[in-house]
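> Numbering (the working numbering), first residue to last: 3 to 189.
Yeah, the Cβ is synthetic: ideal placement off N, Cα and C, and Gly gets one too.
All figures in this text were calculated on a predicted structure; none of them were measured in a lab.
Just passing along the structure, written as C-alpha cells.
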C-alpha cells in the first residue's frame, strides 16, 4: 500500500496533519494536528487509528510540506521523521523541478530515495544526485506556438540538476537553481 498525499492534509500514523486553506485556495497559516474518524480515501480511520501500514509515503510539496514561504515547519519535519523512523520510505512526488524540490528536501530529515519531479518527467535518486528517468521533448515547436499567441511571453526550460534556461528573467521567487538567459534558438 502506498499513501499519496497532496493538498492540505498529511496523514501520519492515524492522524491527519491539517493545514487550513486560506481564501482563494492558497495555503497560509500554521499546520495543526487533528484526529479523524472518517474514511477519506487514503486509508480507513477508526477513532484516529490507521488500520494499515503503508509501504511507501509519497508527498506533494506545495500545500503539503511547505506553504508559499517554502519553509518546512517543525511539526511537518517531525511528522516526516516519525514516518522514516518507522522504516517507511518517503519520497516527493511534485510538479516542481528538481532544483526547486531540492530546496525542500534539504529541510527534511535525511532520506535516500527516488523522487518524482517535473510532473513525472524527471525521477531523481538522492543522495547522491542521479537521474534515474528523464522524459524530454524539443521545446521549440511549443515555444513557437506560445509566442504566436502571446508575443513577448517569458519562456523557460528546465536543465535537470542545475536550474533553467529562460528567454528573459523571471521574478526571483518563481524559479530555483541556476538561471541562464538565452535566446529561443539556444534553448
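Can you tell me whether residue 73 is buried or exposed, with buried defined as 16 or more other CB within 10 angstroms of its CB?
Per the 10 Å Cβ criterion, exposed.
> What number of angstroms, rounded off, separates the C-alpha of residue 84 from the C-alpha of residue 134?
The straight-line gap from Cα to Cα measures roughly 27 Å.
> For residue 184, which three-state DSSP category applies?
Residue 184 falls in the coil class under three-state DSSP.
> If you drop the 5 nearest sequence neighbours on each side, which residues of the same chain put their C-beta closer than 7 Å to that of residue 103?
Cβ neighbours of residue 103 beyond the five flanking positions: 63, 94, 96, 117 and 119.
> With the cut-off set at 8 Å, would you say residue 181 and residue 166 are in Cβ contact?
Taking 8 Å as the Cβ cut-off, residue 181 and residue 166 qualify as a contacting pair.
> Residue 163 to residue 88, Cα distance in whole Å?
Taking the straight line joining both Cα atoms gives about 30 Å.
> Ignore the nearest five residues each way along the sequence and tell me which others in residue 67's own chain have a CB closer than 7 Å to its CB.
Closer than 7 Å at the Cβ level, and outside the excluded window around residue 67, lie 61, 74, 78 and 106.
> Taking the beta strand (DSSP E) that residue 115 belongs to, which residues open and close that run?
Unbroken beta strand (DSSP E) run through residue 115: 115-119.
> Use the C-beta contact count for residue 56: other C-beta atoms within 10 angstroms, 16 or more gives buried, fewer gives exposed.
Its Cβ being crowded by 16 or more others within 10 Å, residue 56 is buried.
> Determine the DSSP secondary structure at residue 147, reduced to helix, strand or coil.
Here residue 147 sits in helix by DSSP.
> Tell me whether residue 94 sits in a helix, a strand or coil according to DSSP, three-state version.
Here residue 94 sits in strand by DSSP.
> Provide the residue(s) that pair with residue 127 in DSSP beta bridges, ordered along the chain.
Looking at the DSSP assignment, residue 127 forms a beta bridge with 116 and 132.
> With the cut-off set at 8 Å, would you say residue 168 and residue 156 are in Cβ contact?
Contact flag set, yes.
> Using 8 Å for Cβ pairs, my map puts residue 110 next to residue 124. What's the rounded Cβ distance?
Rounded, the Cβ-Cβ distance is 18 Å, inconsistent with contact.
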